[in-house]
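Step one of this worksheet: look at the structure below.
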Ligand code: ADQ
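Residue numbers (this note's numbering): 203 to 681.
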């Protein structure tokens, strides 16, 4: 079996305390790589200031080798905070209004991708499979091809691919579309994302579609398919079962004092619809006063990307909003919203999901949303809670038995909360069973196998850039 090389922006090397990383990408890939073994390359998260970037730092953990590189201050500013998080992220989440496009940032983005290629090259072996992840690294395969790499290279986009009218508004759209054609397999979360991508190619007049999943740009043929990401369903379900014995679980139950727990778990990000959700919760409490004092919303929201101004502003907005609702509706012995800015360990999270009668997963736009899947996996078969899910999360394509809502419709979402909390146990069981069956079948291991099957299964060598000098730059063994 070929060695697997994963490249992603951040590499979550497990720390000694085993704190759970707050990103879905990290959670999913660690499970996948641990099962197969291989190398994971990415940014250490550290800057070397204005100094030259030093050698890679290598860390071994079981059968995963992590290779970490620092970046300079300029790289971090232009590539990470700049183009990736202030252009690509908002655009892919339909927030053209928040995109701050600049040529300097765009040049930095391509430069850092070239730099990642130069770090990877000396470690490559001829039959390695390379799997690149997410929007930070779209041009990486193109950079590798330019340097003569002939390996099979796959790309998985964890976030949505927007409709052409949105994507084509980004000044650099054509270059990005062209670099994507350097991959052998491009994975999207949903059919909808893949179709948006196909529409962008068609609107730009780039290449042609050869079949449902086959495309050709220049003389290179590639596959573009949906591969909906899953979770480690079985492991998560048993974590949740065991959580009932922990002290945290007992303390939490005690503090609820018979009230029903409603849970929201999201990175602090404008795409997650947290402010609209709190508005909907407030509307629900106002319209159903009998629920007041009987429910508590626990919103667990670790801060993310605080260096980007929109995120910093959002931290203030959400904290103020939760405070305002608590001030207006709370009583001396009842706090409607418990708002927590921390990352929790996975067992604690699993236990809280299981305790919650209702989960609010209401992003305005989300590639998949793993919280929705974790919540379902954590439920107790006899008395499962209800998943209230935004129809704009990729997960809604699969979890059709969730209570689906439009998160922009605050009143509709509030009414859906009331219906969910009153749902009879038979209906809850039925809905849960059907969602759980799907999660068991389509777990993260199946996701990984399907993608890697497509990436390695095709024996034909990539014809991409056949005009490049042969013999290339591949060195013999990893260093
Ligand atoms: P994210 O935007 O990070 O991921 P999501 O899919 O919800 O979003 O994953 C979040 C992960 O972080 C979950 O596994 C969750 O348990 C964990 N997490 C969140 N808050 C936490 C907390 N307070 N403590 C501990 N863990 C916490 C991106 C895309 C998604 C896509 C994933 C995977 O934006 O749409 O589903 O990648 O492809």
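For every residue, glycine included, the Cβ atom is placed at its ideal position computed from N, Cα and C.
Bear in mind the structure is a predicted one, so any value in this text is a computation, not a measurement.
Quick test of your reading: residue 391 and residue 655, contact by CB under 8 Å. State the CB separation rounded to the nearest angstrom. Contact doesn't hold; Cβ gap of about 18 Å is too wide.
Can you tell me the Cα-Cα spacing of residue 499 and residue 472, whole angstroms? 19 Å
Determine the extent of the alpha helix (DSSP H) in which residue 549 is found, giving its start and end residues. 548–557
Distance, Cα to Cα, residue 460 vs residue 564? 26 Å
Nearest-angstrom Cα distance between residue 634 and residue 644? 15 Å
Would you tell me roughly how many angstroms separate the C-alpha atoms of residue 550 and residue 537, rounded to the nearest one? 21 Å
Given that a residue counts as buried once 16 or more other Cβ atoms are within 10 Å of its Cβ, and exposed if not, what is residue 501? buried
Note down, in chain order, each residue of its chain lying with its Cβ closer than 6 Å to the Cβ of residue 445, except the 5 sequence neighbours on either side. 451, 549, 552, 553
Using a Cβ-based criterion (distance less than 7 Å to any ligand heavy atom), does residue 545 qualify as near ligand 1? yes
Quick check on residue 376 - is its C-beta less than 8 Å from some C-beta in chain C? The chain inventory of the structure shown lacks chain C, comprising one protein chain alone.
Check whether the Cβ atoms of residue 653 and residue 424 lie closer than 8 Å to each other. no
Just curious, the alpha helix (DSSP H) that residue 418 is in, first and last residue? Looking at the DSSP string, residue 418 is not in any alpha helix (DSSP H); the run it does join, the beta strand (DSSP E), is 416–419.
Secondary structure of residue 210, DSSP reduced to three states: strand
Can you give me the start and stop residues for the beta strand (DSSP E) that residue 360 sits inside? From DSSP, residue 360 is part of no beta strand (DSSP E); its letter is neither H nor E.
Buried or exposed: which applies to residue 434, given that a residue is buried once 16 or more other Cβ atoms fall within 10 Å of its Cβ? buried
Is the segment 243–259 touching the segment 283–291, taking contact as three or more C-beta pairs under 8 Å? no
For residue 615, does the count of other Cβ atoms within 10 angstroms reach 16, so buried, or fall short, so exposed? buried
May I ask you to report which of helix, strand or coil DSSP gives residue 301? coil
With residue 325 and residue 269 assumed to form a contact (beta carbons below 8 Å), what rounded beta-carbon distance in angstroms separates them? 7 Å
If I measure Cβ to Cβ from residue 482 and keep anything under 6 Å in the same chain, skipping five residues before and after, which residues do I get? 612, 615, 616
Per DSSP, what are the beta-bridge partners of residue 422 in this structure? 419
Per DSSP, what kind of secondary structure is residue 271 in: helix, strand or coil? strand
Got a sec? Which residues, its chain only, sit under 8 Å from residue 209 by beta carbon, not counting five neighbours each side? 242, 243, 244, 318, 322, 332, 333, 334, 335, 339, 342
If you measure from the CB of residue 395, is any heavy atom of ligand 1 nearer than 7 Å? no
State the Cα-Cα distance for the pair residue 373 and residue 303, rounded to the nearest angstrom. 8 Å
Can you tell me which of 276, 389, 406 puts its alpha carbon nearest to the alpha carbon of residue 254? 276
With a Cβ-Cβ cutoff of 8 Å, do residue 540 and residue 588 count as a contact? no
Would you mind listing the beta strand (DSSP E) stretches within the segment 599–659 that are 3+ residues and don't spill past its ends, in chain order? 605–607
Helix, strand or coil for residue 487 per DSSP? helix
Counting pairs of beta carbons, one from the segment 518–525 and one from the segment 410–420, are three or more of them closer than 8 Å? no
Taking only the alpha-carbon atoms, compute the straight-line gap between residue 328 and residue 558 and give it to the nearest angstrom. 50 Å
With DSSP run on the structure shown, which of helix, strand or coil describes residue 217? coil
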